[in-house]
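S.K.: Just so we're aligned: the sequence shown equals residues 1389 to 1859 in the numbering used here.
C-beta: ideal position from N, C-alpha, C; glycine also.
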Amino acid sequence: MAAASHDPVHAPAAPAPQVLVAANRGPLSYALDADGTLTARRGGGGLVSGLSSALAERPGSLWVCAALGEGDREAVRRGVSEPGVRMLDIDPSVYDDAYNGIANSVLWFTHHGLYDIPREPVFDAEFRRRWESYRAYNQAFADALAAAAGEGAAVLIQDYHLSLAPGLLRAARPDLRIGHFTHTPWASADQLAMLPADVREELYRGMLGADVLGFHTSDWAAAFTAGAEGAGGLGRTRVAVHPLGVDGDELRALAHRPEVDEKLAALRAEVGSCRTVLRVDRTELSKNIVRGLLAYRELLVTRPEWRGRVVHLASAYPSRQDLAVYRDYTAAVAALAAEINAEFGTAGWQPVHVSVKDDFARSLAAYRLADVALVNPVRDGMNLVAKEIPVVSEAGCALVLSTGAGAYEELAADALCVNPYDVSATAVALHEALSMPAGERADRTKRLAAAAVALPPAAWFAAQLSGLLPS
């Protein structure tokens, strides 16, 4: 009898492993109409589309997320689901404690260095109660993933909301390949030292349950590694850097829809012949909108030749208005913009045009129009707006970028870079950007756009997955 052939050329391909994604927000949400009808709505943005398409190519893949509103919770209760998506109906009070009480009020503030140190943070009995909810929220995800994952499946957990989930899942399913990606900065060891010692240890223990931890920049990866060494070392965990980019083709297609063309025509009528300085942000404390407005005001004071010749388009969408500190910040942005308009405005010229409506079509139109983009966070994640604007800019757009932006590492060579706290230096950079020759501005924009599309969402996800799965 002839020996069985082991020619690798003719060996059947091994089936692709099952892939699961876990994130607080899912790829769709449900609206509950007055008559009880549930309507599914797909999420927007390149990240959702990139992850969804990558998962669709793998049979048995699953996106696990939280039910965020009453429509989502009702869908779970009725057993309504989309293929490849599982929503978790976590008790609303537990969810609120975990999401608002810990993720957005403790971890976000710690990683971004946003505390008003003389008064915050305060770790008391109420904090401990909320931390229990954060642990329960992470446990719910770990339990769902453990139940749904097949043998040897790959699980990619997303962001600071689920920092404990890798360790909890590892304890239940040591056979799984677990990755975690953090979309925010990672706090320095000194910042994390503010957390109670047992909480800090639990946080690292949770993260180090992953086989691979991903970050947007080498700085954030180094910060985690340094802190982990102080907590006992990385052990079996590897740290990787995957800077998320944008899908250039998709973004350009979105930016040239008829709806955007209409918004662009309206903006051109609004600004007339003035040059434009654009910012597009949520009114998030880390975005540094107030200092940006102060820099624009200083530009008008020190360079009076720009009065009547430049308009600041500031899209500042309200964010996290259920937290008092965010409501106060949003009010401060509106008040300062009004002060600048009152101080410098004339019958024919309004220096600052603030938009508080979350209007993506208007933002895309402003991307196409802008002469200067101001992205000056104090400390932030990737800041994709710094990558999106060069991709769709029509005549070229000079980028004023702070060293605190996640995109700084990739875009610094072709941006005008500033210390986010230095209002005067930012005013000087705005003048330089507005004065930049058209040819130089166009050349810089082309290079910025090339860097922006280097790792679009689908490739970013594939890079994480390839680092997690055996070759």
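According to DSSP, VAL1763 sits in a beta bridge with which residue or residues?
M.R.: DSSP lists LEU1789 as partners of VAL1763.
S.K.: Once DSSP output is grouped into helix, strand and coil, what is the label at VAL1510?
M.R.: Three-state DSSP puts VAL1510 in coil, outside helix and strand.
S.K.: May I have the straight-line CA-CA distance separating LEU1550 from ALA1491, to the nearest angstrom?
M.R.: About 9 Å.
S.K.: Do SER1606 and LEU1797 have their beta-carbon atoms positioned less than 8 Å apart in this structure?
M.R.: Reading off the sequence shown, one finds Glu at residue 1797, where the question assumed Leu. Against a cut-off of 8 Å, the Cβ pair of SER1606 and GLU1797 comes out as a contact.
S.K.: What are the start and end residues of the beta strand (DSSP E) that includes ARG1670?
M.R.: Per DSSP, ARG1670 belongs to the beta strand (DSSP E) from 1663-1670.
S.K.: Using only the alpha-carbon positions, how far apart do TYR1592 and ALA1524 sit?
M.R.: Spanning the two alpha carbons is a distance of roughly 17 Å.
S.K.: Let me know the beta strand (DSSP E) ranges lying completely inside the segment 1545-1570, each 3 residues or longer, listed in chain order.
M.R.: Counting whole runs of 3 or more residues, the segment 1545-1570 contains the beta strand (DSSP E) stretches 1565-1570.
S.K.: According to the neighbour-count rule (16 or more other Cβ atoms, all chains shown, within 10 Å of its Cβ), is VAL1689 buried or exposed?
M.R.: Answer is exposed; the Cβ neighbour count stays below 16.
S.K.: If you check the beta carbons only, do ALA1530 and ALA1553 fall under 8 Å apart?
M.R.: Going by C-beta atoms, ALA1530 is nearer than 8 Å to ALA1553.
S.K.: Taking the straight line between their C-alpha atoms, what separation do you get for HIS1700 and HIS1571?
M.R.: Their backbone Cα atoms lie some 29 Å apart in a straight line.
S.K.: In the DSSP assignment, find the alpha helix (DSSP H) that holds MET1595 and state where it starts and stops.
M.R.: Unbroken alpha helix (DSSP H) run through MET1595: 1585-1595.
S.K.: Would you identify the three-state DSSP class for THR1718, choosing helix, strand or coil?
M.R.: Note: THR1718 maps to helix in three-state DSSP.
S.K.: In angstroms with no decimal places, state the Cα-to-Cα distance between MET1389 and GLY1448.
M.R.: Here MET1389 scores only 42 on pLDDT, less than 50, and its place in the model is too uncertain to base an answer on.
S.K.: Return the chain-ordered list of same chain residues with a C-beta closer than 7 Å to the C-beta of LEU1443, the five sequence neighbours on each side being excluded.
M.R.: Once the five neighbours on either side are set aside, the close Cβ partners of LEU1443 are VAL1407, VAL1409, SER1449, TRP1451 and GLY1472.
S.K.: Does DSSP classify SER1781 as helix, strand or coil?
M.R.: Of the three classes helix, strand and coil, the one that applies to SER1781 here is coil, per DSSP.
S.K.: What are the boundary residues of the alpha helix (DSSP H) that ALA1812 is part of?
M.R.: The sequence shown places Ser at residue 1812, not Ala. Counting along the chain, the alpha helix (DSSP H) containing SER1812 begins and ends at 1811-1823.
S.K.: Quick check: VAL1760 and LEU1666, are their CB atoms within less than 8 Å of each other?
M.R.: Taking 8 Å as the Cβ cut-off, VAL1760 and LEU1666 qualify as a contacting pair.
S.K.: Pick helix, strand or coil for VAL1699, following the three-state DSSP scheme.
M.R.: Note: VAL1699 maps to strand in three-state DSSP.
S.K.: What are the boundary residues of the alpha helix (DSSP H) that LEU1655 is part of?
M.R.: Element bounds for LEU1655: 1646-1659.
S.K.: Give, in chain order, every unbroken run of the alpha helix (DSSP H) that is at least 4 residues long and sits entirely within the segment 1472-1538.
M.R.: Qualifying alpha helix (DSSP H) stretches, in chain order: 1480-1484, 1496-1500 and 1513-1536.
S.K.: Relative to the alpha-carbon of ALA1654, which residue among ASP1810, THR1833, LEU1476 and ALA1749 has its alpha-carbon at the smallest distance?
M.R.: Selected option, being the one with the closest Cα: ALA1749.
S.K.: Starting from TRP1737, trace the beta strand (DSSP E) both ways and give me its first and last residue.
M.R.: No beta strand (DSSP E) contains TRP1737, which DSSP labels as neither H nor E.
S.K.: Report back the beta-carbon spacing between LEU1818 and CYS1805 to the nearest angstrom; my notes put them in contact at under 8 Å.
M.R.: About 13 Å; that fails the 8 Å criterion.
S.K.: Give the DSSP-derived three-state secondary structure of TRP1451 in the structure shown.
M.R.: Correct three-state label for TRP1451: strand.
S.K.: Among all the DSSP beta bridges, which residues are the ones paired with GLY1769?
M.R.: None, per the DSSP bridge assignment.
S.K.: Cβ atoms of LEU1681 and ILE1728: under 8 Å apart, would you say?
M.R.: Yes. Within cutoff.
S.K.: Taking one C-beta from the segment 1694-1713 and one from the segment 1824-1831 each time, how about it: are there three or more such pairs within less than 8 Å?
M.R.: With a cut-off of 8 Å, the segment 1824-1831 and the segment 1694-1713 do not count as touching, because too few Cβ pairs lie within range.
S.K.: Tell me the residue span of the beta strand (DSSP E) that contains ARG1429.
M.R.: Element bounds for ARG1429: 1426-1430.
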